[in-house]
Amino acid sequence: MLNLKYSIGIDVSKKDFHCCLSVIDSSQKVTVKSSRKLSNNPIGFKDFLSWIKQHQKEELPLRIVMEATGVYHEQLAWLLHSKGLVLSILLPNKAKKYLQADGSNSKNDSIDAKGLAKIGAEKNLEPWVPGSEKLYELRHYTRQHQNLRETINVMANQLEALKHAQFQSKEVIKQLNKTIKLLEQQVAEMEMAMEKLVKTDKVLNLHYENITAIKGINLLSFCVIVAETNGFTLFKNSASLVKYSGYDVIENQSGKHIGKTKISKKGNSRIRRILFMPAFCAVRDDQPQFKSLYERVFERTGFKMKGYVAEQKKLLVMMYHLWKNEQRYNPQFNYSEKNNSSRKIQSYT
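The end of the sequence shown is residue 348 by numbering that gives the first Met the number 0, with every number in the run present.
Listed below in C-alpha cells is the structure:
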C-alpha cells in the first residue's frame, strides 16, 4: 500500500510529553511507527526534532496534533511553529469525544498520544495559528487580577470573623487590614496594565471600542474573554465557543423519561464567572435584545438563574460575532450566525 501522510500525536504534561508517530496508507489503515517519552524542556524539544528526522523515512506530509493543556503545551507549540512544522491544537473535549467514538475507553499518556496521532492521520485538521504575544500577556494580567480578588475575599472574610470573636487580636487585625490594602493596590495596578495594553494597540483597541458599546461589558470582562479565547482563534463558529465555555446544553430525555436540562459547565470557568455581572446588568438596564430573552426563559422555566445563564451565552456569542466581523454593537441589529460584515480590518492574530 502507498503511504499518504505522517502524523504525530503529542500528550503534554508539566514535566514531560509522550509522542507517537503514525502513518496512514491508501487503504486508510493507520500504523504506529514509533513512540517515545521526552522531557518538557529545551533538551526534550531538541531530542524530539531529532526523533522526527530519524523516523521520517519518506517524503510525506507531516501533521502534528496536541491538546490544549493549560500552559504546558505552549513552549513546544511555539517552537514547532517557528520551525515551519504544521501543527494542530485540539480542545480537550473534542479529542476525548473522537477517541471515545473510536472505541478507546482506556486513558493514559501513551494511549492519548496514539489517539491524537490517529486523529491527525484520518482528519484534515485546521493548522494552528498562534495568537499575539500581547494576548498571552493580557491573560497573565487577567488571571493575576482574579487571584488577587480571591485572596482579598478570603482575608476580608477572615477579618470579619475575627471582629466577631470573643477574644480579638489587634495585631492580626492590623496585619489583615494592611495586607488587604496592599492587595487592592495591586489590583488597581493590574487594571491599569490591562488598560494600557489595550489602548496602545490599534487593532485591539478598535475591538474594545466595538464590543464595550454593549452596556455591561467593561474593560475587565472584555480582557478576560479575549485573553481566555486567545482572540477567538481556536473557534470556527460560535457553537464551538459555547461548548468551550461550558454553556452547551445537556439534555436528559429517553422515551417517556424527561430529566433536567442543564449546561455542561465543562468548559472554561473563567469565562462563565466574568459574564455573570454583565448579564445581570443587561437585564437590569432593560436592553431589548437581552430583556426579552431573559423574560422568555424565566416564563418557560420559572428560574431566574436560567434566564441569566441564557443572557451570558448570548453576550458571549454576540462578542464573538462583533470580533469576527469587526462590527460595533448596534442594539437594533440581529446578531445571528448568518450575518457577516462586508467591512474587514486587520485580524488580531
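No residue lacks a Cβ here, since even glycine has one placed at the ideal position from N, Cα and C.
Would you give the residue range spanned by the beta strand (DSSP E) that residue i belongs to?
i	result
Leu349	Residue coverage of the chain in this structure runs from 0 to 348, which leaves residue 349 outside it and unanswerable.
May I ask which residues mark the beginning and end of the alpha helix (DSSP H) holding residue i?
i	result
Gly8	No alpha helix (DSSP H) holds Gly8; the beta strand (DSSP E) holding it covers 2-11.
Leu59	Taken as a continuous stretch (DSSP letters only), Leu59 belongs to no alpha helix (DSSP H), as it is neither H nor E.
Ile88	Note, Ile88: premise wrong, no alpha helix (DSSP H); beta strand (DSSP E) at 85-89.
Asn204	201-210
Pro217	Reading off the sequence, residue 217 comes out as Asn, not Pro. Looking at the DSSP string, Asn217 is not in any alpha helix (DSSP H), and its letter there is neither H nor E.
Ser239	237-243
Gln288	287-300
His320	303-324
Gln185	169-198
His163	Looking at the DSSP string, His163 is not in any alpha helix (DSSP H), and its letter there is neither H nor E.
Leu124	Taken as a continuous stretch (DSSP letters only), Leu124 belongs to no alpha helix (DSSP H), as it is neither H nor E.
Run through the DSSP bridge pairs and tell me what residue i is partnered with.
i	result
Asp15	Ser38
Val282	Note: Val282 sits in no beta bridge, so no partner.
Leu20	Ile7, Ser33
Val349	Since the first residue shown for the chain is 0 and the last is 348, residue 349 is missing from the structure and cannot be characterised.
If you run the structure through DSSP and keep just helix, strand and coil, what is residue i?
i	result
Leu75	helix
Lys261	strand
Glu66	strand
Ser25	coil
Ser268	helix
Gln157	helix
Ser49	helix
Gly102	coil
Tyr97	helix
Gln145	helix
Val128	coil
Ser340	With a pLDDT of 40 at Ser340, under the threshold of 50, the modelled position of this residue cannot be trusted; read the value that follows with caution. Residue state, collapsed to three classes: coil.
Phe231	coil
Asn329	coil
Lys133	helix
Leu115	helix
Asn92	helix
Asn152	helix
According to the Cβ coordinates, are residue i and residue j closer than 8 Å?
i	j	result
Ser6	Gly83	no
Tyr221	Tyr319	Inspection of the sequence shows that residue 221 is occupied by Phe rather than by Tyr. Going by C-beta atoms, Phe221 is not nearer than 8 Å to Tyr319.
Leu196	Ile151	no
Leu315	Ser268	no
Leu98	Ala67	no
Phe275	Val282	no
Ile179	Ala155	yes
Pro129	His72	no
Met191	His144	no
Ala226	Leu78	no
Ala112	Cys18	yes
Asn209	Gln286	no
Ala212	Tyr328	yes
Arg62	Trp50	no
Val202	Lys312	no
For a cutoff of 8 Å on Cβ pairs, would you count residue i as touching chain B?
i	result
Glu208	Annotation note: the requested chain B is absent from the structure, which comprises a single protein chain.
To which residues of the same chain is residue i closer than 8 Å at the C-beta, ignoring the five residues directly before and after it?
i	result
Leu75	Ile9, Val11, Phe16, Asn39, Phe44, Phe47, Met65
Asp24	Met0, Leu1, Asn2, Leu3, Thr30
Ile273	Leu219, Ser220, Val223, Ile224
Arg307	The question names Arg, yet the displayed sequence has Tyr at residue 307. If we look at Tyr307 and ignore the five residues flanking it on each side, its Cβ neighbours are Phe275, Ala278, Phe279, Val282, Tyr293.
Asn397	Look at the range of the chain in this structure, 0 to 348, and you will see that residue 397 is not part of it.
Pro126	Val85, Leu86, Ser87
Pro91	Glu66, Ala67, Thr68
Lys14	Ser38, Asn39
Ser340	Its pLDDT being 40, under 50, Ser340 is placed unreliably in this model, and the coordinates cannot settle the point.
Lys337	Residue placement at Lys337 cannot be trusted, given a pLDDT of 44 that sits under 50; the coordinates are not used to answer.
Thr348	Any reading at Thr348 must be qualified, since the residue scores a pLDDT of 40, below 50, and its modelled position is unreliable; no value is offered.
Leaving out five residues before and five after residue i in sequence, what residues of the same chain have Cβ atoms less than 7 Å from its Cβ?
i	result
Lys32	Leu20, Ser21, Val22, His54
Lys56	none
Gln331	none
For residue i, which residues from the same chain have a beta carbon less than 6 Å from its beta carbon, with the 5 sequence-adjacent residues on both sides left out?
i	result
His206	Trp322
Leu147	Leu182, Gln185, Val186
Gly215	Pro277, Cys280, Ala281
Arg342	Bear in mind that a pLDDT of 39 at Arg342, under 50, signals an unreliable position, so the model cannot answer this.
Ser109	His17
Leu124	Ser87
Leu175	Met154, Leu158
Ala229	The displayed chain sequence assigns Asn, not Ala, to residue 229. The answer, listed in chain order, is Gly130, Leu134.
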